[in-house]
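For reference, the structure is listed below as structure tokens.
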Ligand SMILES: [Zn+2]
Ligand SMILES: [Zn+2]
């Protein structure tokens, strides 16, 4: 049997209408509105997520795992929550496509996989996403897709700094770790957690050793500094589970480092909680 070659589709989102940055920082499964190509897109086809607007460019790569389906019949309807939308353009008869996210880069860097960067690429620059970027779903010819994936894979992940995307694809463990870090670095979640913490605490402190960094260091440096740790390891979460505030704990850099000192962060955290009980 001849195996059909996977096609690549580019999905463009406008941050003015949909907060895709926050969504991608906290989820690894996304539904996209798919008004065209609905009879063409197949499971296993590749997906490129593209941010429109001032910081335009490629921000994630993934694979199609749910073929175009009416919104009322998709597998994980809870992921269509309205909270990421700034307008209510969603409709139950909208055709949605399910994409499993493999790698995300949310930090804008003009020299990396931005629209500005691809304008200089002899192949990509001729594509509609550069010349006339109106629409939501674009099919990419093989050469265009190859050129884009090449640049994506050649750029080290500036946001993570510890890994390149090819390594992420190769090693499930590393991918999970990177995903863990990405969730912890989501500024929207961080802000929400800190705000929530201050409803029951007078000041920000480490939830393990209780250090107040603002007291220990000059406030010019420590003001507002605290790290956020995600309690549930990614591996025990369902593919699509969004992050909740109760899944997060505020830690000073030392405690956070200790929690991640060995692979079993969940156990380390529990042990350290006990350790600090009688300190
Ligand atoms: Zn601490
Ligand atoms: Zn952590």
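Numbering (UniProt numbering), first residue to last: 1 to 279.
Glycine residues also receive a C-beta, built at the ideal position from the N, C-alpha and C atoms.
- The set of residues with a C-beta under 6 Å from any non-hydrogen atom of ligand 1 comprises 206, 208, 209, 211, 251, 252, 254, 255, given in chain order.
- In the DSSP assignment, residue 216 is bridged to no other residue.
- For the stretch 1 to 68, the full-length alpha helix (DSSP H) segments reaching 4 residues or more read 20 to 26 along the chain.
- Taking 4 residues as the minimum length, the alpha helix (DSSP H) runs contained wholly in the stretch 104 to 166 are 115 to 119, 128 to 131, 142 to 154, in order along the chain.
- Here the distance from the Cβ of residue 265 to the nearest heavy atom of ligand 2 is below 7 Å.
- Around residue 203, the same chain offers 212, 214 as residues with beta carbons nearer than 8 Å, after the five sequence neighbours per side are excluded.
- Closest in C-alpha terms to residue 29, from the list 230, 36, 98, 71, comes 98.
- Bridge pairing for residue 99: 30, 64 [DSSP].
- Here residue 49 is buried, its C-beta having at least 16 other C-beta atoms within 10 Å.
- Residue 70 has 95 as its beta-bridge partners, per DSSP.
- For residue 227, there is no enclosing alpha helix (DSSP H); the residue is part of the beta strand (DSSP E) that begins and ends at 227 to 230.
- Pairing residue 66 with residue 5, the inter-Cα distance amounts to about 17 Å.
- 8 Å or more divides the Cβ of residue 71 from the Cβ of residue 45.
- Taking every protein chain shown into account, the CB of residue 244 has fewer than 16 other CB atoms within 10 angstroms, so this residue is exposed.
- With a beta-carbon spacing of about 4 Å, residue 101 and residue 62 fall inside the 8 Å limit used to define contacts.
- The three-state secondary structure of residue 249, taken from DSSP, is strand.
- Counting the other Cβ atoms within 10 Å of the Cβ of residue 142 gives fewer than 16, which makes it exposed.
- Assignment of residue 263 by DSSP, reduced to helix, strand and coil, places it in the coil class.
- Sequence-distant Cβ neighbours of residue 196 in its own chain, meaning closer than 6 Å and more than five residues away, are 245.
- Ranked by Cα distance from residue 116, the options 131, 104, 105 are led by 131.
- The straight-line gap separating the alpha-carbon atoms of residue 127 and residue 23 is approximately 27 Å.
- Straight-line measurement puts the Cα of residue 257 at about 13 Å from the Cα of residue 249.
- Taking 8 Å as the cut-off, the beta carbon of residue 139 is found closer than this to the beta carbon of residue 7.
- At a threshold of 7 Å, residue 260 counts as near ligand 2, since its beta carbon sits closer than that to one of the ligand's heavy atoms.
- In the structure shown, the three-state DSSP call for residue 76 is coil.
- With 16 or more neighbouring CB atoms inside 10 Å of its own CB, residue 112 falls in the buried class.
- In the three-state scheme derived from DSSP, where H, G and I count as helix and E and B as strand, residue 205 is classed as coil.
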